[in-house]
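Scroll down for the structure; my scribbles are underneath it.
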Amino acid sequence: MLKPLTSAVQLNLAAAIKHRRLGYRGWCGAVNTAYDPLDPTTAAQPFAAYDALHRGGRVHYNPRRQTWILHRLDDVRAALRDTDQVTSSQGVTRIRMAADLVVVTDGEQHSRLRKQVQPAFTRKALDSWRAIIDDLAVELVDTMITQPGGDAVQNLAIPMPLRVIAAILGIPDTDIADFRRWSEDSVRLIDFTPTAKGVVNTTRALRAAVSLRRYFLRHLAAGDLKGSNTVLGRLLEHSTDGSLTDDQLFYIAILLLIAGNETTTNLLGGMVDTLARNPEQYDKIRADPDLIPMAVEEQLRYTSPIQNLHRYTRAPYQVGDVTIPSGSRLLLSFGAANRDPQAFDEPNSYRADRNPRMHVAFGYGAHMCLGAPLARMEAHAVLRELVSRVTRISVDGSTTWSTNSSLRGPTHLPVTLHTH
Ligand code: HEM
Numbered sequence: 001m002l003k004p005l006t007s008a009v010q011l012n013l014a015a016a017i018k019h020r021r022l023g024y025r026g027w028c029g030a031v032n033t034a035y036d037p038l039d040p041t042t043a044a045q046p047f048a049a050y051d052a053l054h055r056g057g058r059v060h061y062n063p064r065r066q067t068w069i070l071h072r073l074d075d076v077r078a079a080l081r082d083t084d085q086v087t088s089s090q091g092v093t094r095i096r097m098a099a100d101l102v103v104v105t106d107g108e109q110h111s112r113l114r115k116q117v118q119p120a121f122t123r124k125a126l127d128s129w130r131a132i133i134d135d136l137a138v139e140l141v142d143t144m145i146t147q148p149g150g151d152a153v154q155n156l157a158i159p160m161p162l163r164v165i166a167a168i169l170g171i172p173d174t175d176i177a178d179f180r181r182w183s184e185d186s187v188r189l190i191d192f193t194p195t196a197k198g199v200v201n202t203t204r205a206l207r208a209a210v211s212l213r214r215y216f217l218r219h220l221a222a223g224d225l226k227g228s229n230t231v232l233g234r235l236l237e238h239s240t241d242g243s244l245t246d247d248q249l250f251y252i253a254i255l256l257l258i259a260g261n262e263t264t265t266n267l268l269g270g271m272v273d274t275l276a277r278n279p280e281q282y283d284k285i286r287a288d289p290d291l292i293p294m295a296v297e298e299q300l301r302y303t304s305p306i307q308n309l310h311r312y313t314r315a316p317y318q319v320g321d322v323t324i325p326s327g328s329r330l331l332l333s334f335g336a337a338n339r340d341p342q343a344f345d346e347p348n349s350y351r352a353d354r355n356p357r358m359h360v361a362f363g364y365g366a367h368m369c370l371g372a373p374l375a376r377m378e379a380h381a382v383l384r385e386l387v388s389r390v391t392r393i394s395v396d397g398s399t400t401w402s403t404n405s406s407l408r409g410p411t412h413l414p415v416t417l418h419t420h
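What follows is the structure, given as structure tokens:
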């Protein structure tokens, strides 16, 4: 015979039913929302949804995705700072995971892993790569000038970061085509979708990752890719916790590929799109090239190459009047925070001279992007080359935007660069 429910169980049941129906609004003050970054149409054009979040409450909850959403700049920055309560150690995507990787660790483990990679991005290291980056900007802008109506994504935004990473890793020119194919295929491992196509893509990605690993380990064993001017050589020289193994060096190389390529591609593609669609702002930069660093920061704010990342709470987390329960999945919307009307005047306008110093396109706090100076250097070089040679950028068709829920940038952008 069934025992009568105890009052505690009855209470829990009532709370669970209420929770399913209302989300947490019923008892904690968060506003329920249907905003869903996994919806492809929203992911491609999220800005109307961000405006709606800003018009609503301070904390939102999507019951279908069981995700809490922070969208104000101050709240996103506070959550990024509070690694005790809002941790990365259970992953930074929708799917919980744990790994000995800098991005998904906190505390001492994170400091140790961050220190392993940091020597790659010292000022001295960056200065030593400046000429490579400047030369590439000249070559790729040249290609675009000679191909009116060509795709800025294929001709500039993809090859720029990929060839920079290849060059600083010390990959010889003869291997670049293979390296590009393996890198592009293997980074798809991070957006596994449980569909037939997803499985096929993942199989391809795994095969590419195996080829990439074989390539690296063969060359590392032969002493290649460890020159004093390469990223891995530099890391070996500065290794504080004993010598890094070839396997560890390979994982660092993969981390740089995953963290640095598509993000920078999104920044560069977004920049060409913005400048083509805001000719008066482009003219402003041409008239005063000292604006270039500011214009790039504004670009980072305006198109946020990573629109959002997740965190998990490991204690009740208070935001204003709302207490987000321990163990919750939290979406930090960098894209919305960078368009917060309380932080930025007319946030949906691109203003080359805005100087949006507080933006969170590179994150904030302990996990702030390690590759930011490299990404900035690439964008500065491309913009410098554009304004010194190109009088006007015109779009020859509509821009197609990615539909990935987190990484956002143009995937097709036909443009003509005019030189007079
Ligand atoms: C425009 C280009 C880029 C953007 C928008 C970007 C954005 C970000 C963001 C938002 C984070 C913080 C992650 C978090 O808080 O969980 C991050 C971390 C990181 N980024 Fe970038 N990134 C870019 C380029 C690069 C490049 C070029 C590299 C290296 C080649 C790189 C390497 C890293 C690494 C290693 C971390 C992890 C740092 C840590 O967890 O302590 N990024 N990036």
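Last residue of the sequence shown: 420 in the UniProt record's numbering, with the numbers rising by one and none dropped.
C-beta atoms are modelled at their ideal positions from N, C-alpha and C, and glycine is treated no differently.
Treat the numbers as computed from the prediction; the structure is a model and nothing was measured.
Query: Nonlocal neighbours in the same chain, by C-beta distance under 7 Å from Asn355, ignoring five residues either side; Result: Met294 and Glu297
Query: Closer than 6 Å: Ala259 CB and nearest ligand 1 heavy atom; Result: yes
Query: Beta-carbon spacing of Ala152, Leu383 below 7 Å; Result: no
Query: Buried or exposed (CB count within 10 angstroms, at least 16 for buried), Leu11; Result: Residue placement at Leu11 cannot be trusted, given a pLDDT of 44 that sits under 50; the coordinates are not used to answer.
Query: Own chain residues within Cβ distance below 8 Å of Arg64, not counting five before or after; Result: Ala34 and Asp36
Query: Neighbour-count burial assignment, residue 426, 16 or more Cβ in a 10 Å radius; Result: The requested residue 426 is not part of the displayed model; the chain covers only 1 to 420.
Query: Three-state class that DSSP yields for Thr303 in the structure shown; Result: helix
Query: Straight-line Cα distance separating Ser388 from Arg94; Result: 43 Å
Query: Buried/exposed call for Val200, threshold 16 Cβ in 10 Å; Result: exposed
Query: Touch test, the segment 43-54 against the segment 281-289, Cβ-Cβ under 8 Å, three pairs minimum; Result: no
Query: Alpha-carbon spacing of Pro40 relative to Phe47, whole angstroms; Result: 13 Å
Query: Buried or exposed by the 16-neighbour rule on C-beta atoms within 10 Å, applied to Asp100; Result: exposed
Query: Identity of the residues DSSP links to Val319 by a beta bridge; Result: Val322
Query: Same chain only: Cβ atoms within 8 Å of Arg286, ignoring 5 sequence neighbours per side; Result: Val387 and Thr391
Query: Host alpha helix (DSSP H) of Pro279 (start-end); Result: Pro279 to Ala287
Query: C-beta neighbour in chain C for Asp175, strict 7 Å; Result: This model lacks chain C altogether, as it is built from one protein chain only.
Query: Opposing strand residues paired with Ile69 [DSSP bridges]; Result: His60 and Leu331
Query: Proximity test, Val272 beta-carbon vs ligand 1 heavy atom, cut-off 6 Å; Result: no
Query: 6 Å CB neighbourhood of Asp340 in its chain, flanking five on each side removed; Result: Arg72 and Leu73
Query: heavy atom of ligand 1 below 6 Å from Ala152 C-beta; Result: no
Query: Residue environment, residue 483, which counts as buried when at least 16 other CB atoms sit within 10 Å; Result: A question about residue 483 goes unanswered here, because the residues of the chain that appear run from 1 up to 420.
Query: Ligand 1 heavy atom lying under 6 Å from the CB of His367; Result: yes
Query: Nearest residue (CA-CA) to Asn404, options Leu38, Ala209, Ala30 and Leu291; Result: Leu38
Query: Cβ pair count under 8 Å reaching 3, the segment 159-167 against the segment 254-267; Result: yes
Query: Selection from Arg77, Asp75 and Ala120 that minimises the alpha carbon distance to Leu370; Result: Ala120
Query: Close Cβ partners of Thr419 (< 7 Å) along its chain, the five nearest in sequence each way excluded; Result: Ile145, Arg389, Val390 and Thr391
Query: Nearest neighbour of Asp127, chosen from Ala381, Ser406, Thr399 and Gly409 [CA to CA]; Result: Ala381
Query: Helix, strand or coil at Gly150 [DSSP, three-state]; Result: strand
Query: Neighbourhood of Ala167 by C-beta distance below 7 Å, restricted to the same chain and skipping five residues each side; Result: Ile132
Query: Beta-carbon separation (whole angstroms), Leu169 vs Val231, contact threshold 8 Å; Result: 6 Å
Query: Any non-hydrogen atom of ligand 2 within 6 Å of Pro305 CB; Result: Judged by which ligands are present, ligand 2 is missing from the structure shown, whose ligands are ligand 1.
Query: One or two residues paired with Asn308 in a DSSP bridge; Result: Ser333
Query: Proximity of Gly270 and Thr303 at Cβ, strictly below 7 Å; Result: yes
Query: Paired residues, beta bridge with Val31 - DSSP; Result: His60
Query: Exposure label - Pro325; buried when at least 16 CB within 10 Å; Result: exposed
Query: Span of the beta strand (DSSP E) around His392; Result: Here the sequence assigns Arg to residue 392, which means His is not the residue at that position. Element bounds for Arg392: Arg392 to Val395.
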